[in-house]
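Colleague: Each residue of the sequence shown is one higher than the one before, counting from 1 in full-length UniProt numbering.
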Amino acid sequence: KVAIKGIERELICPACKELFTHPLILPCQHNVCHKCVKEILFAFEDSFADGGSESSNQSSPRIRISASSMDRIDRINKSGIKRNSLTPRSTLFPCPSCQRNIDLGERGINGLFRNFTLETIVERYRQAARAAIAIMCDFCKPPPQESTKSCMDCSASYCNECFKIHHPWGTVKAQHEYVGPTTNFRPKILMCPEHEMERVNMYCEICRRPVCHLCKLGGGHANHRVTTMSTAYKTLKEKLSKDIEYLISKESQVKAHITQLDLLLKETECNSERAKQEASQSFEKLYHVLEEKKSAALRAIEISKNIRLEKLQTQVEEYQGLLENNGLVGYAQEVLKETDPSCFVQTAKQLHVRIQKATESLKSFRPAAETTFEDFVVDTAKQEDILGDLSFHSNGLEIPEISEEQSRMYNKALISWECPGKTDSADIYVLEYHKLNKEEERVTWQKTEVYGKSKVLSDLDDDSSYAFRVRGYKGSICSPWSREVIMHTPPAPVFSFLFDDKCGYNNEHLQLNPRRTSVESRAGFPLLLGSERLQVGCYTTLDYIIGDTGIAKGKHFWAFNVEAYSYLVKVGVVSSNKIQKLFHNTHDVTSPRYEQDSGHDSGSEDAFFDSSQPCTLVTLGMKKFFIPATPAAPKDPASRILPLPSCLGICLDCDRGRVGFYDAGHMKCLYECEVDCSGLMYPAFALMGGAAVHLEEAVTANYREYHDDI
1 KVAIKGIERE
11 LICPACKELF
21 THPLILPCQH
31 NVCHKCVKEI
41 LFAFEDSFAD
51 GGSESSNQSS
61 PRIRISASSM
71 DRIDRINKSG
81 IKRNSLTPRS
91 TLFPCPSCQR
101 NIDLGERGIN
111 GLFRNFTLET
121 IVERYRQAAR
131 AAIAIMCDFC
141 KPPPQESTKS
151 CMDCSASYCN
161 ECFKIHHPWG
171 TVKAQHEYVG
181 PTTNFRPKIL
191 MCPEHEMERV
201 NMYCEICRRP
211 VCHLCKLGGG
221 HANHRVTTMS
231 TAYKTLKEKL
241 SKDIEYLISK
251 ESQVKAHITQ
261 LDLLLKETEC
271 NSERAKQEAS
281 QSFEKLYHVL
291 EEKKSAALRA
301 IEISKNIRLE
311 KLQTQVEEYQ
321 GLLENNGLVG
331 YAQEVLKETD
341 PSCFVQTAKQ
351 LHVRIQKATE
361 SLKSFRPAAE
371 TTFEDFVVDT
381 AKQEDILGDL
391 SFHSNGLEIP
401 EISEEQSRMY
411 NKALISWECP
421 GKTDSADIYV
431 LEYHKLNKEE
441 ERVTWQKTEV
451 YGKSKVLSDL
461 DDDSSYAFRV
471 RGYKGSICSP
481 WSREVIMHTP
491 PAPVFSFLFD
501 DKCGYNNEHL
511 QLNPRRTSVE
521 SRAGFPLLLG
531 SERLQVGCYT
541 TLDYIIGDTG
551 IAKGKHFWAF
561 NVEAYSYLVK
571 VGVVSSNKIQ
581 KLFHNTHDVT
591 SPRYEQDSGH
601 DSGSEDAFFD
611 SSQPCTLVTL
621 GMKKFFIPAT
631 PAAPKDPASR
641 ILPLPSCLGI
651 CLDCDRGRVG
661 FYDAGHMKCL
671 YECEVDCSGL
681 MYPAFALMGG
691 AAVHLEEAVT
701 ANYREYHDDI
């Protein structure tokens, strides 16, 4: 038998770090206090109401929400949160033990089972801890007597006298079940939280939880494999008993491991002290180098100062000599008193040269030395960056590499990375990024910690280039920085819309997916019937579809993918004033170049054909992008044909009346032209033959997690 006092570790709630109180079993099979679950959900609601900042996660002092958990709650509805003091509205939160996302569904906390077995063990532990403290009778008049038994049906404790009074012979209460004094009362029958009037009598092997017969008949466990409760009880008890017996039989091995771990603890202490000493010596060397550099710099400044002061002082003395009765002037005045011409000429000639130099220096005054010490400014910017990156480098920690294929720039930035060895050797990653700006002399990196291998950033500016780099950390050891990757944000805010399945939509030729994010055109039997009437010429038909949302003003950007097998696709914009004309012109036409009454086979009709179109479109197809033939375009047709990018984008500027077509993967403009924005502008698409277009999916906080699950 295991002593009750040796299992404290299993009885502690991972959220509040205290003994369990009314523990609930989460879908991941971990246990959390009922109160802690409510506080976690309330904390997440408060974090959304306050903008998701970590500073707002202090609504409850009992729990802490980690940064990794904050990255995984984007699915919770952010709009219209009204806190109820009794019941939280949120149903999604991370398990405090395994950090796995827990979705409680519509019933929320009410859908969780209470772990009565764990609650009983906790109560036994509490009783063992306070053996000297008696449980008092709940019905005695003051002062209460010590209880002798507890009624499980009444959920109360009694002394002998009170028990006889409240459970008289010959009544229903006399049949109640009673046990020794306890404060833990549990129901005799475990009821289903989904169907409150039904008792659980089966066990779902898929969800690993008890269920009732209604859950199996028409509930969420209808297609799950279930067994009877007695079978599940017998099976699980046998497995648990065998595992416990195995562990007990390996007691000598466990003790050997404990002895080995004790040695490792001591060895770790010694090695850590040695590592501290080596690190201290390394920093002492740096201090010594800095002190030497500091002394040399101060000595150089002092020497320069003395030289400059000496020059300036000499200049001061020279100018003082130009004053009357002082220095050179005073000496010259005395020479002028000489009356003997020979003696005067002999002395005055050299003196006159000195007086002339003094006069010239007076006219062009210039200090003998500079007063500023700009040449002695120590630039430590690079050294500060190097010291900022100073950490424990390890050759065993792999350098992560940012994957440009998996990373995306759209409404938000998704940055993903991998390790060459495909092993997650790092505990945490640090992602740094900065905006490329030629005017900034010094680069300022923004930093964020990531617990996975991807990060969604939402604070980037439009039409800008950013550099990204990442490094891994395992404890205090870090890897070198990855190679910097430069990515470009869209030229304008992202415009969200779906394909319109009402206005002009031809469901015979076009097929929409249920989410209305993909459209497909199939060259089927209707195309053959339409072309059957022609004996000569070229039969063409375009099936148009537009977006369900219009643009009235501003600058907007959207992206999409065109399948490589597509024969002909046209993309662009159409004004609300011309939508009727657009769909009116979708009837079958033949190329005017090949009309029998055209008279010639020149390309002169192309200009008329393009100018008569009710919308601004460019042509794609057969893995090519065709730049429209305009006066500004190259005359050589081959130079107007570009490879089709994997992802295309359109940027509409209603204020300037211009539309641009982009390679959305590199945010490079392929073609731009003027457009009439007199009405509401709608994204427009036209397909012919076998073709398909998929709208680019918006990036959300759990984008990578969702696609990894798929």
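Don't be surprised by glycine CBs; every beta carbon is placed ideally from N, CA and C.
These numbers come from a predicted model, not from an experiment.
For the beta strand (DSSP E) that contains N31, what are its first and last residues?
Modeller: It spans 31-33 - the beta strand (DSSP E) in which N31 sits, taken as one unbroken run.
Colleague: Roughly how many whole angstroms lie between the Cα atoms of Q58 and H34?
Modeller: Confidence is the limiting factor: at Q58 the pLDDT is only 42, short of 50, which leaves the residue's position unreliable and the question unanswerable from this model.
Colleague: What are the start and end residues of each continuous beta strand (DSSP E) run of 3 or more residues lying completely inside the region 209-292, in chain order?
Modeller: 209-211, 226-228
Colleague: How about L652 and A664: are their beta carbons less than 8 Å apart?
Modeller: no
Colleague: So, at 6 Å on beta carbons, what are the nonlocal neighbours of T227 in its own chain, with the 5 sequence-adjacent residues on each side left out?
Modeller: Y203
Colleague: Return yes when the Cβ of L214 is within less than 8 Å of the Cβ of L112, no when it is not.
Modeller: No.
Colleague: Along the alpha helix (DSSP H) that carries I355, what are the first and last residues, could you check?
Modeller: 341-363
Colleague: Ignore the nearest five residues each way along the sequence and tell me which others in C162's own chain have a CB closer than 7 Å to its CB.
Modeller: C137, F139, C140
Colleague: In whole angstroms, what is the alpha-carbon distance linking L19 and P96?
Modeller: 15 Å
Colleague: G572 by DSSP, collapsed to three states: which one?
Modeller: strand
Colleague: Between the region 447-456 and the region 413-428, are three or more C-beta pairs nearer than 8 Å?
Modeller: yes
Colleague: Inspect the CB distances between the region 627-647 and the region 550-565 and report whether three or more fall short of 8 Å.
Modeller: The way I'd put it, the region 627-647 does touch the region 550-565; three or more beta-carbon pairs between them come closer than 8 Å.
Colleague: Between the alpha carbons of I248 and D262, how many angstroms are there, rounded?
Modeller: 21 Å
Colleague: Under the rule that 16 or more other beta-carbon atoms within 10 Å means buried, what is D543, buried or exposed?
Modeller: buried
Colleague: Can you find the residues in the same chain that come closer than 7 Å, C-beta to C-beta, to N160, ignoring five residues on each side of it along the sequence?
Modeller: Here N160 has T148 as same chain residues with Cβ atoms under 7 Å from its own Cβ, once five neighbours each way along the sequence are excluded.
Colleague: Please classify H488: does DSSP put it in a helix, a strand, or coil?
Modeller: strand
Colleague: Can you say whether T541 is buried or exposed, counting buried as having 16 or more other CB atoms within 10 angstroms of its CB?
Modeller: By the neighbour-count criterion, in which 16 or more other beta carbons inside 10 Å mark a residue as buried, T541 falls on the buried side.
Colleague: Okay, do the region 503-523 and the region 681-699 touch, 3+ Cβ pairs below 8 Å being the bar?
Modeller: yes
Colleague: Where do the ends of the alpha helix (DSSP H) carrying residue 724 lie?
Modeller: Outside the modelled stretch of the chain, which goes from 1 to 710, sits residue 724, for which no answer is possible.
Colleague: Grouping DSSP H, G and I as helix and E and B as strand, with all else coil, what is E194?
Modeller: coil
Colleague: Just list the residues that DSSP pairs A559 with in beta bridges.
Modeller: G649
Colleague: Taking the alpha-carbon positions, what's the K581 to G554 distance?
Modeller: 25 Å
Colleague: Between L617 and S496, what straight-line distance do the alpha-carbon atoms span, to the nearest angstrom?
Modeller: 19 Å
Colleague: Check whether the region 333-349 touches the region 277-286, taking contact to mean three or more Cβ pairs, one atom from each stretch, closer than 8 Å.
Modeller: No, the region 333-349 is not in contact with the region 277-286.
Colleague: Would you tell me roughly how many angstroms separate the C-alpha atoms of E317 and T359, rounded to the nearest one?
Modeller: 15 Å
Colleague: Return the CA-CA distance between E439 and V470, expressed in angstroms with no decimal places.
Modeller: 25 Å
Colleague: If you drop the 5 nearest sequence neighbours on each side, which residues of the same chain put their C-beta closer than 8 Å to that of G421?
Modeller: E398
Colleague: Give the range of the beta strand (DSSP E) segment to which D543 is assigned.
Modeller: 543-546
Colleague: Taking the Cβ atom as the reference point for each residue, do D548 and F499 lie within a distance shorter than 8 Å?
Modeller: yes
Colleague: Go to L617, then tell me how far its alpha helix (DSSP H) extends in each direction, as first and last residue.
Modeller: From DSSP, L617 is part of no alpha helix (DSSP H) but of the beta strand (DSSP E) over 615-621.
Colleague: Rounded to a whole number of angstroms, what is the C-alpha to C-alpha distance between E292 and G388?
Modeller: 21 Å
Colleague: Considering only residues of the same chain and omitting the five flanking positions on each side of K668, which have a CB-CB separation below 7 Å?
Modeller: Y662
Colleague: Using DSSP's beta-bridge definition, name the partner residues of V470.
Modeller: In DSSP, V470 forms a bridge with L431.
Colleague: Looking only at DSSP bridge pairs, what is H694 linked to?
Modeller: S518, N561
Colleague: Between the C-alpha atoms of P14 and L24, what's the straight-line distance to the nearest angstrom?
Modeller: 12 Å
Colleague: Rounding to the nearest angstrom, what Cα-Cα distance links T117 and L11 in this structure?
Modeller: 11 Å
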